[in-house]
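> First the structure, which I've put down as structure tokens, then a few questions once you've had a look.
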Amino acid sequence: MTEFPGYPFVSRWFAHSGRAGLRQHYLDEGAGQPVLFLHGNPSWSYLWRRPVLALREEFRCIAPDHIGMGLSDKPGPDRYPYDLAARVDDLDVLTEHLITAGGAPERGWTLVLHDWGGPIGMAWARRHPDRVARLVVLNTAAFPHPRGERVRPLLRLPLRVLRDTRLGARLFLRHNLFARGATWRPLGVRRRMPAAVRSAFLAPYDRPEHRVAIQRFVHDIPLRPRDRSWPELQAAGAALARFADLPVLIAWGLGDPVFDRAVLNEWRRRFPSVVPRLYRGAGHYLLEDAHDDLVPAIRTFLRTSPLPGA
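According to the UniProt record's numbering, the sequence shown is numbered sequentially starting from 1.
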């Protein structure tokens with residue numbers, strides 16, 4: 001698609017029959033061992049453009065846009081539940097389609113996880129542990145936040161405003177502040193994002209009715225046991241031990257204001273044999289700030305990490 005720089009891919013759509021035919025957009029590039037890229041909020045598959053370009057000659061790169069995000073359909077809250085369990089169900093149905101009708105193998109999947117992609121991907125992995133062969137973890141979590149409800153003071157008030165007030169709804173829906181802020185320094189990136197790239201990140205969220213998913217992702221952040229998605233997230237975290245012997249790459253932008261060192265240290269506690277790649281000059285959108293080093297590192301990791309049983 002020429003309007004999105006660096007994104008020369010064929011768009012594909014899958015219609016979810018159990019979701020009244022809502023169409024989910026995804027990329028499916030290359031052939032070989034499947035690599036499943038899962039984005040978070042407020043990004044979309046555009047985040048993965050560089051690794052997909054670098055890997056599609058050797059691997060089958062699959063990058064869905066979650067419902068309401070990117071180029072997927074954007075239903076109102078009356079047509080879609082907008083919670084973690086729904087996201088995992090969607091991924092389950094899409095991957096099953098790719099296996100049964102799209103020629104993808106049942107096993108040998110690599111998960112590449114960023115932001116909400118961590119909870120979604122690892123909750124899916126908990127359902128299908130035998131399918132997962134490798135993990136690439138990029139500024140994400142798959143467990144309750146180590147700080148619990150005591151998020152960093154810098155984030156406490158903005159998060160409360162965004163989640164719980166009418167002002168937050170206006171900032172999300174009318175002004176698109178959350179998505180815009182993610183493209184600014186120092187909130188989402190440490191390097192200035194080129195104007196055309198910034199426009200591409202924001203393009204799917206061009207009017208208020210297209211920003212519902214961004215708002216609902218924030219509403220769905222599970223900070224305490226009474227939150228709706230807490231059980232799903234807690235179960236994903238409890239299942240991480242099942243994947244401790246897999247090849248794992250952890251790469252981290254140390255300038256991330258949300259996924260901070262406390263979250264990184266929790267990953268290190270869960271996977272003590274993994275030495276993370278740390279990027280001091282990178283923020284939350286790690287692949288925008290550190291792609292020159294990180295994309296080759298991911299390629300090398302995939303080339304040199306044997307699949308279990310291979």
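Note that the Cβ used here is the ideal one computed from N, Cα and C, for glycine as well.
Relative to the C-alpha of Ala-213, which residue among Ala-125, Val-197, Ile-67 and Gln-234 is closest?
Ile-67
> Using 8 Å as the threshold, is the C-beta distance between Ala-236 and Ala-123 below it?
Contact: yes.
> Would you call Thr-300 buried or exposed, if buried means 16 or more other Cβ atoms sit within 10 Å of its Cβ?
With fewer than 16 Cβ atoms within 10 Å of its Cβ, Thr-300 is classed as exposed.
> Grouping DSSP H, G and I as helix and E and B as strand, with all else coil, what is Ala-213?
helix
> I want to know whether the region 134 to 142 touches the region 108 to 125 - three or more CB-CB distances under 8 Å.
yes
> Skipping 5 residues on each side, what residues in its chain have a beta carbon closer than 6 Å to that of Glu-232?
Leu-84, Ala-85 and Ala-123
> Would you decide whether Thr-244 is buried or exposed? Buried here means 16 or more other CB atoms lie within 10 Å of its CB.
This sequence places Ala at residue 244; Thr is not what is there. When all chains shown are included, Ala-244 counts as exposed.
> So Gln-234 is in the alpha helix (DSSP H); what residue range does that whole segment cover?
230 to 239 is the span of the alpha helix (DSSP H), which, as asked, contains Gln-234.
> What residue does the beta strand (DSSP E) around Glu-29 start on, and which one ends it?
22 to 29
> Let me check understanding here. Comparing Cα to Cα, which of Glu-266, Gln-33 and Gln-24 lies closest to Ser-45?
Gln-24
> Enumerate, from N- to C-terminal direction, the unbroken beta strand (DSSP E) stretches of 3 or more residues contained entirely within the region 102 to 136.
109 to 115
> Could you work out which residue in Leu-240, Gly-102 and Phe-201 is closest to Arg-269 when comparing CA atoms only?
Leu-240
> Taking all protein chains shown into account, do 16 or more other C-beta atoms lie within 10 angstroms of the C-beta of Leu-154, making it buried, or fewer, making it exposed?
Since pLDDT at Leu-154 reaches only 49, below the 50 mark, its modelled position is unreliable, and no value is offered.
> Does DSSP put Val-218 in a helix, in a strand, or in coil?
helix
> Give the DSSP-derived three-state secondary structure of Thr-100 in the structure shown.
helix
> In terms of residues, what are the limits of the beta strand (DSSP E) holding Ile-298?
Careful: Ile-298 lies outside any beta strand (DSSP E), inside the alpha helix (DSSP H) at 291 to 304.
> Are at least three pairs of beta-carbons, each pair with one atom in the region 279 to 289 and one in the region 215 to 234, less than 8 Å apart?
no
> Of all the alpha helix (DSSP H) runs that stay within the bounds of the region 170 to 199, which reach a length of 4 or more residues?
Segments of the alpha helix (DSSP H) lying fully in the region 170 to 199: 177 to 182.
> Pick out whichever of Trp-267, Glu-266 and Val-248 has its Cα sitting closest to the Cα of Ile-298.
Val-248
> Under three-state DSSP, which class holds residue 316?
Not covered by the structure: residue 316. The range shown for the chain is 1 to 310.
> On the premise that Ser-305 lies in contact with Arg-134, defined as a C-beta separation below 8 Å, what is that separation, rounded to the nearest angstrom?
6 Å
> Tell me the DSSP secondary structure of Asn-41 in three-state form.
DSSP places Asn-41 outside both helix and strand once states are collapsed to three, so it counts as coil.
> Starting from residue 318, follow the alpha helix (DSSP H) in both directions and report where the run begins and ends.
No statement about residue 318 is possible, as the shown extent of the chain runs from 1 to 310 and does not include it.
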